[in-house]
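> First residue of the sequence shown? That's 55 in our numbering, and the numbers climb one at a time after it.
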Amino acid sequence: RGGAPICWPWFGQDIQRPSRGSHGFARTQPWQVIGSEHTSAGETVLRLALRESMTTLAIWPYHFLLQLEIRLGASLQLTLTTHNTGSQPFFYTQAIHSYFQVGDIHTTTVSGLDGISYLDKTLNFTTQQQQGVLKIDKEIDRIYLQPPSKVTLSAHAQLQIESEGSATTVVWNPWDAASRKLSDMAQDDYQRFLCIETANAAKDEIRLMPGKQHRLVARYQVVAS
Numbered sequence: 055r056g057g058a059p060i061c062w063p064w065f066g067q068d069i070q071r072p073s074r075g076s077h078g079f080a081r082t083q084p085w086q087v088i089g090s091e092h093t094s095a096g097e098t099v100l101r102l103a104l105r106e107s108m109t110t111l112a113i114w115p116y117h118f119l120l121q122l123e124i125r126l127g128a129s130l131q132l133t134l135t136t137h138n139t140g141s142q143p144f145f146y147t148q149a150i151h152s153y154f155q156v157g158d159i160h161t162t163t164v165s166g167l168d169g170i171s172y173l174d175k176t177l178n179f180t181t182q183q184q185q186g187v188l189k190i191d192k193e194i195d196r197i198y199l200q201p202p203s204k205v206t207l208s209a210h211a212q213l214q215i216e217s218e219g220s221a222t223t224v225v226w227n228p229w230d231a232a233s234r235k236l237s238d239m240a241q242d243d244y245q246r247f248l249c250i251e252t253a254n255a256a257k258d259e260i261r262l263m264p265g266k267q268h269r270l271v272a273r274y275q276v277v278a279s
């Protein structure tokens, strides 16, 4: 596991059709490279696209264009743009499911979420409130509601995560017991990563009208080492 899988057009379990599995189909479908460039500012840019196909229409019956721009320079910026190219509105949820290598989860913290309400999946999605800096000392599976646009991950370095077009932030680490249930994760892998996801999840569902678009942006920059 690693990188930044794209969860789309639903995040987590599909509540309308649970049999469809978690996190949508965008992360498992082949994307097309539609452009690349090296800018005068020294950035490298790669653009990818995913459109509806017979496969996706059988799963989710809507026409769309999904574009992902990856911009790498002094920071890394991921821009996910959803276009409704059909004649019907559709609802969707999504996340840029970013994995961060942290070295030692026991000394990892996340700041910027103090006082923010969240849905706690480990407590049947009950609403809780963050108190102080988030320390990772147990299984964490939370959807933070109306978070600030910037949070800071402190591990072996400080990484600022800035979000646009998002009203939810997801923080996830399976810890020991849940890791044993994941076939693609070694039992001790949980000690070395944390997911902080720029998302539109839970009640932060988007209704996109025909001909309209929505941009979800995640920007990552090291601010201290």
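Ideal placement from N, C-alpha and C gives every residue a C-beta, glycine not left out.
1. Just tell me which of Tyr116, His117 and Ser90 has its CA closest to the CA of Glu123.
2. Using three-state DSSP, classify Leu167 as helix, strand or coil.
3. In this structure, does DSSP put His117 in helix, strand or coil?
4. Measuring alpha carbon to alpha carbon, tell me which of Ile260, Gly140, Ala231 and Gln155 ends up nearest Gly57.
5. Rounding to the nearest angstrom, what Cα-Cα distance links Trp114 and Ile197 in this structure?
6. If we count the other Cβ atoms within 10 Å of its Cβ and call it buried at 16 or more, is Glu218 buried or exposed?
7. Where does the unbroken beta strand (DSSP E) through Trp226 begin, and where does it stop?
8. Is the number of C-beta pairs between the segment 74-90 and the segment 177-192 that are closer than 8 Å three or more?
9. Taking DSSP's pairing of strands, which residues face His92 in a bridge?
10. Who are the near neighbours of Val99 in its chain, counting only those whose CB is closer than 6 Å to its CB and skipping five residues on each side?
11. Between Glu216 and the rest of its own chain, which residues show a CB-CB distance below 7 Å, the 5 nearest in sequence each way excluded?
12. Taking Gln131 as the reference, give the member of Ile150, Thr109, Tyr116 and Leu120 with the closest Cα.
13. Residues in the same chain with beta-carbon distance under 7 Å from Ala253, minus the five sequence neighbours each way, listed in chain order, please.
14. Are the CB atoms of Ser208 and Thr163 nearer to each other than 8 Å?
15. Just reading off the beta strand (DSSP E) that Thr162 is part of, what are its end residues?
16. Excluding the five sequence neighbours on either side, which residues of its own chain have a C-beta within less than 7 Å of the C-beta of Thr93, listed in chain order?
17. Between the Cα of Ala255 and the Cα atoms of Gln275, Leu199 and Trp229, which residue gives the shortest distance?
18. Nearest-angstrom Cα distance between Thr206 and Ser279?
If we stick to the structure as given:
1. To locate residue 123, count along the sequence shown from 1; it is residue 69. Nearest C-alpha to Glu123: Ser90.
2. Along the sequence shown, one-based indexing puts residue 167 at 113. Leu167: coil per DSSP, three-state reduction.
3. In the sequence shown, the residue the question calls residue 117 occupies position 63. Three-state result, His117: coil.
4. Taking the first residue of the sequence shown as 1, we reach residue 57 at position 3. Nearest of Ile260, Gly140, Ala231 and Gln155 to Gly57, Cα basis: Gln155.
5. Indexing the sequence shown from 1 puts residue 114 at position 60. Indexing the sequence shown from 1 puts residue 197 at position 143. In a straight line, the C-alpha of Trp114 is about 24 Å away from that of Ile197.
6. Looking up residue 218 in the sequence shown gives position 164. It is exposed - the Cβ of Glu218 has fewer than 16 other Cβ atoms within 10 Å.
7. Here the question's residue 226 lines up with position 172 in the sequence shown. Where Trp226 is concerned, the enclosing beta strand (DSSP E) stretches over Thr222 to Asn227.
8. no
9. Residue numbering aside, residue 92 sits at position 38 when the sequence shown is read from its first letter. Per DSSP, Thr98.
10. Indexing the sequence shown from 1 puts residue 99 at position 45. Glu91 and Arg125.
11. The residue labelled residue 216 in the question sits at position 162 within the sequence shown. Hits under 7 Å: Ser203, Lys204 and Arg273.
12. Here residue 131 corresponds to residue number 77 of the sequence shown, with the count starting at 1. Nearest option by C-alpha distance: Ile150.
13. For the purposes of this step, residue 253 is identified with residue 199 of the sequence shown, where counting begins at 1. Taken in chain order, the residues that qualify are Phe65, Gln148, Ala149, Ser220, Thr222, Thr223 and Val224.
14. Translated into the one-based positions of the sequence shown, residue 208 becomes position 154. Translated into the one-based positions of the sequence shown, residue 163 becomes position 109. Cβ atoms of Ser208 and Thr163: closer than 8 Å.
15. Position 108 of the sequence shown, counted from the start, is the residue given in the question as residue 162. Run containing Thr162: none; DSSP gives neither H nor E here.
16. Along the sequence shown, read from residue 1 onward, the residue named residue 93 stands at position 39. If we look at Thr93 and ignore the five residues flanking it on each side, its Cβ neighbours are Val99.
17. Within the sequence shown, numbered from 1, the residue matching residue 255 stands at position 201. Just measuring C-alpha positions, the residue of Gln275, Leu199 and Trp229 sitting nearest Ala255 is Leu199.
18. For the purposes of this step, residue 206 is taken as the residue at position 152 of the sequence shown. For the purposes of this step, residue 279 is taken as the residue at position 225 of the sequence shown. Cα to Cα, the separation comes out at about 13 Å.
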